[in-house]
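Oh and the sequence shown: position 9 is 28 in my numbering, straight run, nothing missing. Heads up, the beta-carbon is just placed ideally off N, CA and C, and yes, glycines get one too.
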Amino acid sequence: MGSMDGKTVIVTGSSRGIGAETAKLLAAEGAAVVINYRAKAPRANKVVKAIEEAGGSAVAVQADLTEAQGRQALVDAALINFGSLDALVLNASGGMESDRGEDYALKLNRDAQLGMLDAAAAKMPAGSRVVFVTSHQAHFIDTVPTLDAYEPVARSKRAGEVALRECIPALAEEGISLVVVSGDMIEGTITATLLDRVEPGAIAARREEAGKLYSVEEFAVEVAKMVSADVESGHTEIVGGGKGFVDA
Numbered sequence: 020m021g022s023m024d025g026k027t028v029i030v031t032g033s034s035r036g037i038g039a040e041t042a043k044l045l046a047a048e049g050a051a052v053v054i055n056y057r058a059k060a061p062r063a064n065k066v067v068k069a070i071e072e073a074g075g076s077a078v079a080v081q082a083d084l085t086e087a088q089g090r091q092a093l094v095d096a097a098l099i100n101f102g103s104l105d106a107l108v109l110n111a112s113g114g115m116e117s118d119r120g121e122d123y124a125l126k127l128n129r130d131a132q133l134g135m136l137d138a139a140a141a142k143m144p145a146g147s148r149v150v151f152v153t154s155h156q157a158h159f160i161d162t163v164p165t166l167d168a169y170e171p172v173a174r175s176k177r178a179g180e181v182a183l184r185e186c187i188p189a190l191a192e193e194g195i196s197l198v199v200v201s202g203d204m205i206e207g208t209i210t211a212t213l214l215d216r217v218e219p220g221a222i223a224a225r226r227e228e229a230g231k232l233y234s235v236e237e238f239a240v241e242v243a244k245m246v247s248a249d250v251e252s253g254h255t256e257i258v259g260g261g262k263g264f265v266d267a
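Pasting the structure below:
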C-alpha cells in the first residue's frame, strides 16, 4: 500500500516539469490526481496516460487559475471523478511571460493561489494538506537580492506565500495544514532557461555557489514527500540546504 492510497490530489501547473513529475510520484503512492493545464491539452493527456499505464488514476482538466471558474473546475473534477479532495499542491507559477500584462505575476502568484486555496479548502476534510511550491529566490527575497530579471516574479511569489501563511489559523480550525517547499534554481525549467537567456551565465554561477542544483525529477521527489510528511502546519522545507540564502 502506498502512503496516498485512497487520497485525491490536485496538482496545479502539472502538464509538464515539476508539477507533472510530482503528480506521477503521488499517483505511484496511490493517489488519484487531477492534472491541471492552461492551454496544452496533449501535454496534459500525456501525463495522464503515463500515470494510467503505471496503474494509477488521473484526469486532465483545463483551467486558468487566474479565473474563479477555472479554480472551481479543478475542485469539481476531483469530487466528480474521485469522490474526495485530500491534498492540494500549489505548483503553478509564472510572471516572466511578455504577453500577459504588467500585473500578471501578482495576479497568478498571489491572487490565484489564494483563490485556489479558498475553492479547495471548502471541500477538504480534516487531515488534508496544502503544499505551496516556491523558490529560494522568492522565499528569501527580503534578505537576499536576486537577479534583476526575476525580482518582480520573486516578490510576487513571496507575496503569495505571505498571504497563504496568513490563512494558517483559519485552516487549522478546519484541520487543514499548509507546508511550504522552497527550492533553488532548478536545472531544465523554463524559468531557469529564460533567466539564463536574459542574464547569460546566471545558472552556472548559481550552480557553482550552491554546489548543486536539483533536476526537475529530484525536486519533484521533495515536493511529493511533503504532501504526507509528518511536519507541523507552517513548516518550510528548504530543499538542498539553501547555501547562500540561509547563511546570508
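Starting from residue i and walking both ways along the alpha helix (DSSP H), at which residues does that stretch end?
i: residue 101; result: 87-101
i: residue 44; result: 36-47
i: residue 238; result: 235-247
i: residue 84; result: From DSSP, residue 84 is part of no alpha helix (DSSP H); its letter is neither H nor E.
i: residue 160; result: Run containing residue 160: none; DSSP gives neither H nor E here.
i: residue 227; result: 221-229
Nearest to residue i by CA position, among the options, is which residue?
i: residue 101; options: 124, 89 and 76; result: 76
i: residue 65; options: 40, 248 and 95; result: 40
i: residue 105; options: 72, 148, 121 and 79; result: 148
i: residue 156; options: 23, 244, 43 and 263; result: 263
i: residue 270; options: 94, 80 and 253; result: What is shown of the chain runs 20 to 267, which leaves residue 270 out entirely.
i: residue 238; options: 260, 175, 223 and 167; result: 260
i: residue 176; options: 151, 186 and 36; result: 151
i: residue 24; options: 50, 33, 31 and 158; result: 50
i: residue 132; options: 186, 70 and 214; result: 186
i: residue 248; options: 83, 226, 162 and 146; result: 146
i: residue 72; options: 47, 266 and 236; result: 47
i: residue 197; options: 164, 181, 229 and 162; result: 181
i: residue 113; options: 83, 21 and 162; result: 83
i: residue 139; options: 245, 126, 161 and 103; result: 103
i: residue 36; options: 21, 54, 22 and 170; result: 54
i: residue 195; options: 52, 144, 134 and 22; result: 144
So is residue i buried or exposed if we call it buried at 16+ other beta carbons inside 10 Å?
i: residue 89; result: buried
i: residue 68; result: exposed
i: residue 98; result: exposed
i: residue 251; result: exposed
i: residue 208; result: buried
i: residue 141; result: exposed
i: residue 212; result: exposed
i: residue 220; result: exposed
i: residue 43; result: buried
i: residue 231; result: exposed
i: residue 129; result: buried
i: residue 121; result: exposed
i: residue 26; result: buried
i: residue 96; result: buried
i: residue 74; result: exposed
DSSP three-state label for residue i, please.
i: residue 256; result: strand
i: residue 60; result: helix
i: residue 138; result: helix
i: residue 77; result: strand
i: residue 131; result: helix
i: residue 124; result: helix
i: residue 53; result: strand
i: residue 65; result: helix
i: residue 218; result: coil
i: residue 71; result: helix
Which residue marks the beginning of the beta strand (DSSP E) containing residue i, and which one marks its end?
i: residue 107; result: 106-109
i: residue 148; result: 148-154
i: residue 27; result: 27-30
Taking CB distances under 7 Å as the criterion, tell me whether residue i reaches chain D.
i: residue 186; result: Of the chains in the structure shown, none is chain D; there is only one protein chain.
Those runs of the alpha helix (DSSP H) which lie wholly inside the segment 166-216 and span at least 4 residues: 170-184 and 187-192
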